[in-house]
Structure formats: structure tokens, C-alpha cells
Amino acid sequence: MYTMKDTCKKCNESTVLVHPAKFSPDDKYLKLRISGKED
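Per the working numbering, the very first residue in the sequence shown carries number 17; after that it's consecutive.
Shown next as C-alpha cells:
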């Protein structure tokens, strides 16, 4: 799961900041990323 927070809300472990994926209209996983942001 991609997050900008310092800790994971599922496992409470520290996260590593990474750059977000580049936007592509042909992206197969776009719906999954959008639904992950709504949580």
C-alpha cells in the first residue's frame, strides 16, 4: 500500500517514503490505487 504517513495503519511499522507511480491512462492498477486512498 502506498502512503505518505510515517507508520503503516495496518501493521504500525515505519514506512519508507517513495515517489508515487507516474500516471498512465492505460494503468491496470489505477482503480486499486484510488480505492486505497479512500480508506
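C-beta: ideal position from N, C-alpha, C; glycine also.
Asked                                                                         : Found
Per DSSP, Ser40 is paired with what?                                          : Beta-bridge pairing links Ser40 to no other residue.
Whose CA, out of Thr31, Glu29, Val32, Arg49, lies closest to the CA of Lys38? : Arg49
Identify every residue that forms a DSSP beta bridge with Thr23.              : Ser30
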